Amino acid sequence: GIKCGIVGLPNVGKSTLFNALTRAGIAAANFPFCTIEPNVGVVPVPDPRLNALAEIIKPQKVVPTAVEFVDIAGLVAGAASGEGLGNKFLAHIREVDAICHVVRCFEHGDIVHVAGKVDPISDIETIDTELALADLDSVERALQRAERNAKSGDKDAKVRVEVLGRVRDGLAEGTAVRALDLSDDDRAAIRDLFLLTLKPVMYVANVLEGGFEDNPHLEAVRRHAAAGGAEVVPVSAAIEEELSELDDEDRDAFLADLGLDEPGLNRVIRAAYTLLGLQTYFTAGVKEVRAWTVKAGSTAPQAAAVIHTDFEKGFIRAETIAYDDFIRYRGEAGAREAGKLRLEGKEYRVQEGDILHFRFNV
Ligand code: GDP
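The opening residue of the sequence shown carries number 2 in full-length UniProt numbering; numbering runs sequentially from there.
Here it is as structure tokens:
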């Protein structure tokens, strides 16, 4: 599956956030929640469009799509040089597709901060430094290999030496690889290194109740993230954990008390989904209205494969209705009458929110 890794220094609220995310998963009606490993949670993606579709179709069940979150605890200063269990944690990060970086934006006398004081920018830099050092190590080794191969006349290796040289220089100055100006070819040349600082990143700023406004730590994180084009989602992990333990009615009352219209977790999940470059399409029948996840830019057969590999192999066409048309014309029959049902072939690139009905050979 496609995974978002939760990283951050100790005591910033990672486990609290992870618990809230996974417990909210259990509460979601009809969702086949499962925990693969203790630190991996499959979390349903909240999507109001599912309710709108269900209102029209009145299906037997509604199934949201999901993203996987991985709790990567234990990253500390010195990880890249093998401090603690550092290398093991870095290896876990290598396996994820995007990074959700939790930073502590609250002061609390009882909760010790590893660096002795709350300074989210310094925390971000500590983690970023470890990731950059680990990448520098990978890149230097790859560079040495490429240089050897280039000497023996390998033309591709010469190109690689040039690209790796630039990436190394950037990392040596502490620049994340994602922030370097790399062409598509450059990226292809370093893809096999699974560099940590190439992965897209978002920040979850953990605040206390009342810490959403006039919070200099939060403002600092926002400025830092804006410079790198990253999103910041402020949440209170402790509140989210409490919310995740309540039933729907109590939760709505608690949210109303806090003046919120939805749990902050919903924003975390949606931001992660976007960060991972994912999009949603729907299948809509009386048995089941369901959301499915594909990589943005997927073709119709690739989208079909998410449901079943046979759907891809025997793909004939996808009967397609845009989400807005499906809602406007109150379902498939209405959309068909209005000429809004399209027959799309193998080359069709699925659009966000499409309602698809696959036709295939068995
Ligand atoms: P981790 O080491 O990053 O996984 O941090 P934890 O999730 O274990 O949190 C460290 C401590 O901070 C725990 O005692 C949490 O209860 C507390 N904590 C985390 N988030 C919040 C929060 O939003 N508000 C309050 N009051 N405490 C929090």
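A virtual CB, placed ideally from N, CA and C, is assigned to each residue, including glycine. Keep in mind it's a predicted model, so treat the numbers as computed, not measured.
Sixteen is the threshold: when 16 or more other Cβ atoms of the shown chains lie within 10 Å of the Cβ of A206, as they do, the residue is buried. Contact between G265 and V236 holds, since their C-beta atoms are separated by about 4 Å, short of 8 Å.
Going by DSSP, D136 is part of the alpha helix (DSSP H) stretching over 121 to 152. Taking A319 as reference, the option from Y330, A334, E348, A292 with the minimal CA-CA separation is E348. In this structure, the CA atom of G346 is about 42 Å from the CA atom of R167. Per DSSP, reduced to three states, the secondary structure at T284 is strand.
For V104, the closest C-alpha among the options A257, Y204, V43, A228 is that of Y204. When the five nearest sequence neighbours on each side are left out, the beta carbons in the same chain lying within less than 7 Å of the beta carbon of A147 are those of A158, R161, V162, L165, in order along the chain.
Judged by DSSP in its simplified three-state form, A177 adopts coil rather than helix or strand. Between F361 and L183, the alpha-carbon positions lie close to 40 Å from each other. Going by C-alpha positions, L22 is about 20 Å away from L51. A228 and I7 have their C-alpha atoms roughly 21 Å apart. Taking 8 Å as the upper bound for CB-CB distance, F359 and F327 are not in contact here, some 16 Å apart.
When DSSP assignments are scanned along the region 192 to 275, the uninterrupted stretches of beta strand (DSSP E) that are 3 or more residues long and fall wholly within it turn out to be 202 to 207, 233 to 236. With respect to the 8 Å criterion, I270 and P11 are not classified as neighbours on the basis of their beta carbons. Judged by the Cβ position, V13 qualifies as a neighbour of the ligand GDP at the 7 Å threshold, a heavy atom of the ligand being closer than this. Relative to G175, the option among T310, T130, L276, R149 whose CA is nearest is T130.
Three or more beta-carbon pairs separated by less than 8 Å are not found between the region 123 to 138 and the region 248 to 268, which leaves the two stretches without contact. Our two residues, K62 and V68, have alpha carbons roughly 20 Å apart in a direct line. Counted as a single uninterrupted DSSP element, the alpha helix (DSSP H) harbouring P302 occupies residues 301 to 308.
It is roughly 6 Å from the alpha-carbon of G14 to the alpha-carbon of A238. Nearest neighbour of D98 by Cα position, chosen from L279, R329, V351, turns out to be L279.
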